[in-house]
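This note's numbering numbers the first residue of the sequence shown as 2 and each following residue consecutively.
No residue lacks a Cβ here, since even glycine has one placed at the ideal position from N, Cα and C.
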Amino acid sequence: MFPTRGYATQGPSSKLEPFTFERREPGPHDVLIDIAYCGICHSDIHQARDEWGGAIFPMVPGHEIVGRVARVGPQVHRFKVGDPAGVGCFVDSCRTCESCRAGEEQYCEDHTAFTYNCMEMDKRTPTYGGYSSQIVVDERYTFKIAPKLPLANVAPLLCAGITTYSPLRQFKVGPGQRIAVVGLGGLGHMGVKLAASMGAEVTVLSTSRSKEQDAHRLGAQHFVATNEPGALDALANRFHVVLDTVSASHDLNAYLNLLRLDGVLALVGVPPQPIPVQAFSLIMKRRILAGSLIGGIRQTQEMLDYCADKNITADVEVIPIQQVEAAYERTLKSDVRYRFVIDMKTL
Ligand code: NAP
Ligand code: ZN
Ligand code: ZN
2 MFPTRGYATQ
12 GPSSKLEPFT
22 FERREPGPHD
32 VLIDIAYCGI
42 CHSDIHQARD
52 EWGGAIFPMV
62 PGHEIVGRVA
72 RVGPQVHRFK
82 VGDPAGVGCF
92 VDSCRTCESC
102 RAGEEQYCED
112 HTAFTYNCME
122 MDKRTPTYGG
132 YSSQIVVDER
142 YTFKIAPKLP
152 LANVAPLLCA
162 GITTYSPLRQ
172 FKVGPGQRIA
182 VVGLGGLGHM
192 GVKLAASMGA
202 EVTVLSTSRS
212 KEQDAHRLGA
222 QHFVATNEPG
232 ALDALANRFH
242 VVLDTVSASH
252 DLNAYLNLLR
262 LDGVLALVGV
272 PPQPIPVQAF
282 SLIMKRRILA
292 GSLIGGIRQT
302 QEMLDYCADK
312 NITADVEVIP
322 IQQVEAAYER
332 TLKSDVRYRF
342 VIDMKTL
């Protein structure tokens, strides 16, 4: 074991503060990564404040991790010291169940070891996330990053990128399709960039009129301010896919009604409260309400390679770790353009 510095919260109403903890020495298949940047996902806030229940404290959040390989175990084949590398939302899984064998490790039938607020595969050792100086991960759960991409802007791909890429692929988004992205935050802005890059016609549905210009710059053809009276009326039955990234309670029926026949509302946002769904919102156009959780290892690497090929990265605001609480507050006010990323040099 070796000591690692990070930022942790001790409970749902505590603040994130400096914290030292132990990480394992790299085993034969492990890489040790010096973390350069870690994105701030809204899931970090939900979990640090225990909004979903079951949180494990002390908690070191962070699952949009990029850095450079500092050490490798003797059996590591895909990485060498100095390589850029990334870690996303989970660091292990059973590797043998049907989901793991299908490359959908995030849906492991035994145990997915999420990067923080979870347990390792022994189900006893807590996992600690990327608001820290280093991390040790099996190379199988570590991603290659194209050296040409700016590392700080790549970090958010590890969660916001894959979480939007995966349902866009699942529901075969492409040319000739009309896609709506609800919520222009970290996930939403990646959803717009990715859906536009796949050739879809993209509409942003946002509560922030001030984001209109950005929506167009990111690749959307249309922008609708959803809190203006009657704003959604003209969009009824219009979209093939609605990608809902909203982090707080909102009326799902209003967005279901925007789907055409057989359209899909892909829910990726995770508001803490249950959301009522009217049967009529679904049955009238044989609409589908679907959920999606991040993406598997294979698809995450595919997404990173796709983004390198198309030169797609996140729009970020890099902050010192001492400003993490202020960044949380701004994120909660939808005042993020479009992902806060912590510069780990400041730790
Ligand atoms: P974010 O950066 O805070 O973006 C959320 C956006 O939702 C805001 O910028 C805002 O956009 C909109 N919004 C916020 N409150 C709203 C409200 N009351 N009504 C309508 N719109 C509202 O958050 P994020 O990091 O993108 O994460 C979004 C959600 O996805 C979170 O719940 C997070 O936990 C979840 N998530 C899920 C997965 C998964 O695997 N499924 C992965 C990562 C994150 P406008 O200003 O444009 O309205
Ligand atoms: Zn996330
Ligand atoms: Zn499994």
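Cα-Cα separation, residue i to residue j
i: S44; j: R331; result: 14 Å
i: I163; j: T301; result: 6 Å
i: Q135; j: V325; result: 18 Å
i: F58; j: T116; result: 14 Å
i: G177; j: M199; result: 10 Å
i: F144; j: G87; result: 5 Å
i: E213; j: L195; result: 18 Å
i: M120; j: T97; result: 18 Å
i: K311; j: L150; result: 11 Å
i: Y108; j: M122; result: 14 Å
i: V278; j: M2; result: 49 Å
i: A255; j: R125; result: 43 Å
i: G63; j: A181; result: 28 Å
i: G296; j: A49; result: 22 Å
i: V319; j: K334; result: 18 Å
i: T208; j: N228; result: 6 Å
i: G89; j: H112; result: 16 Å
i: E105; j: Y142; result: 12 Å
i: S282; j: H251; result: 15 Å
Neighbourhood of residue i by C-beta, 6 Å cutoff - its chain only, sequence neighbours within 5 removed
i: V247; result: V183, G184, G270
i: R79; result: E140
Cβ-based neighbour list, residue i, same chain, cut-off 8 Å, excluding 5 preceding and 5 following
i: Q222; result: E202, V203, T204
i: P29; result: G74, P75, Q76, V77
i: P321; result: I343, D344, T347
i: G220; result: V193, K194, A196, A197, S198, V203
Cβ separation of residue i and residue j, assumed to be a contact under 8 Å, to the nearest whole Å
i: I36; j: G131; result: 6 Å
i: L244; j: K286; result: So it is not a contact: roughly 18 Å between Cβ atoms.
i: A226; j: V193; result: About 16 Å separates the two Cβ atoms, so there is no contact after all.
i: L290; j: L262; result: Rounded, the Cβ-Cβ distance is 15 Å, inconsistent with contact.
i: A315; j: N118; result: A315 to N118, Cβ: 23 Å. No contact.
i: P85; j: R69; result: 6 Å
Residues sharing a beta bridge with residue i, DSSP
i: M120; result: P127
i: R179; result: E202
i: C39; result: I66, I343
i: T318; result: First, the amino acid is wrong: residue 318 is Glu here, not Thr. E318 pairs with F341.
i: P4; result: E23
i: P85; result: R69
i: V265; result: V242, I289
i: L33; result: R72, V137
7 Å CB neighbourhood of residue i in its chain, flanking five on each side removed
i: P273; result: H47, E52, W53
i: A232; result: V225, A226
i: G187; result: C42, H43, P157, A161, V337, Y339, R340
i: F172; result: V242, V265, A267
i: P127; result: I57, M120
### Query
Of all residues in the structure, which have a C-beta closer than 7 Å to any heavy atom of ligand 3, taken in chain order?
The set, ordered by position in the chain, is S94, C95, R96, T97, C98, S100, C101, E106, C109, E110, D111.
**Study point:** Any heavy atom of ligand 2 nearer than 5 Å to the CB - residues listed
**Key:** Taking each Cβ in turn, the ones that pass are C42, S44, C160.
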